Each structure stands twice: as structure tokens, then as C-alpha cells.
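Notes follow once the structure below has been shown.
In this note's numbering, the protein residues as written are 28 to 93.
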């Protein structure tokens, strides 16, 4: 069973799927390249989400120090 508790967990899963697709020369779920594009988009969005959360915490800390 896969547990996805954070954006990092999603990125790991997407990386694993893309790695498997490259190693097996077989795309997961579908028979076209759109799947890989979608997986990469998911990876990017989770990365962005994590960075925004990190930046928000930093701003809050800076504002609290004033």
C-alpha cells in the first residue's frame, strides 16, 4: 500500500513510476506519452507546493521577528 502524506511522497512515487517506465520501456497506465507528461506535471506541482509552504513559514518567521 502506498501512503501519500506529503508532496515529497508524491514526488517519490512519480519518480519510481517514471524510472520503471524507462527501465521496462513501457508506459504505466496508458499507451502514449501523455502519461509521462502528466506524471511530470504532478511532480512539478508537488515541488512547487512544498516550496510555497516553506516560503510561507519563512515570511511568517520574519514578520514575527519585527
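Built from N, CA and C at the ideal position, the CB exists for glycine as well.
Predicted model only: the values in this text are computed from it and were never measured.
Residue i, DSSP secondary structure in three states
i, result
"residue 67", "helix"
"residue 88", "helix"
"residue 29", "coil"
"residue 52", "coil"
Check whether residue i and residue j have beta carbons under 7 Å apart
i, j, result
"residue 41", "residue 71", "no"
"residue 34", "residue 77", "yes"
For residue j and residue i, believed in contact at Cβ under 8 Å, the rounded distance
i, j, result
"residue 69", "residue 29", "About 14 Å separates the two Cβ atoms, so there is no contact after all."
CB contact below 7 Å: residue i versus chain D
i, result
"residue 48", "The structure shown contains no chain D; it is built from a single protein chain."
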